[in-house]
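Undergrad:
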Amino acid sequence: MAISGVTALIAAAFIVSSNEASAATLKFTSDGPTPPGVNDCSGDFGSPPNCVYESQDDYYFSGPGAGAAAAYTTNNYGTLNQIAKIDDPFDATPVVSAGSILGAGTFAFEVIGSDLKWTYNPNGSLAAVFAFSIKGGNKYNVWEFDTAPTASGGSQMFTGWFSPQGNSTSDISHITFFGKEIAAIPLPAGGLLLITALGGLGMASRRLRKAS
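Residue numbers (this note's numbering): 21 to 232.
1. Would you mind reading off the limits of the beta strand (DSSP E) that contains THR167?
2. In the DSSP assignment, what are the bridge partners of LEU136?
3. Just the Cα atoms here: how many angstroms apart are ALA203 and THR99?
4. Sorted by chain position, which residues of the same chain lie with C-beta nearer than 7 Å to PHE152's C-beta, five sequence neighbours on each side aside?
5. In whole angstroms, give me the CA-to-CA distance for PHE129 and GLY174.
6. Give me, in chain order, the residues of the same chain whose beta-carbon lies closer than 8 Å to that of GLN185; leave out the 5 immediate sequence neighbours on both sides.
7. Who are the near neighbours of THR126 in its chain, counting only those whose CB is closer than 6 Å to its CB and skipping five residues on each side?
8. What number of angstroms, rounded off, separates the C-alpha of VAL149 from the C-alpha of ILE103?
9. With the cut-off set at 7 Å, would you say GLY66 and VAL58 are in Cβ contact?
10. Confirm, please, whether the CB-CB distance from SER120 to ASN161 is below 7 Å.
11. According to DSSP, simplified to helix, strand and coil, what is SER190?
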């Protein structure tokens, strides 16, 4: 059933991470060729390496056909920037190209059986993958985590995915990963007290050495 130019498909899958385990839901499938159309990155979401996906309660498409929305989605992660784009993901040597927020980090991708695995090292930043799109045929799927990541980077395995049109894997042209920085987790009050106490001991020790 199409709603305002968006095919309403809901499907859950599981992502197992070295940091945490989470479910992912198919947020929408593009209608192609009308917006959201045939292509995601190098299409509806802009051009690499600066593709931007807007995660809202209602899917929002800012290009031609702006205002098309369907109220069956649940997440509202805001602006998600391209982390990496994987061309020919099912070839023996997938091509990984950096997105605008990868920076000095690294992103590795591989297919294990029918599962997709990626390892993201944001190199000191707190960025994490929140969503990804799979482009096949003349449509694409966008998947999102059901809950926001609480840890940056890490290795993740995605199982239960499927192509936008039921094509064979040879028809999947690329997969694009989107994300943003997550909020730093504050230290517990006890941790802050411990750091303060250690700092005080260090100052006292220096004063004693000077006095002697």
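Every residue gets a Cβ at the ideal spot worked out from N, C-alpha and C, and that includes glycine.
TA: Looking at the atomic coordinates:
1. For THR167, there is no enclosing beta strand (DSSP E), since its DSSP letter is neither H nor E.
2. VAL131 and PHE178
3. 15 Å
4. TRP163, ILE195, THR196, PHE197 and PHE198
5. Straight-line Cα distance between these residues: approximately 12 Å.
6. GLY156, GLY157, ASN158, LYS159 and ASP191
7. ASN141
8. 8 Å
9. Not in contact: GLY66 and VAL58 (Cβ atoms no closer than 7 Å).
10. no
11. helix
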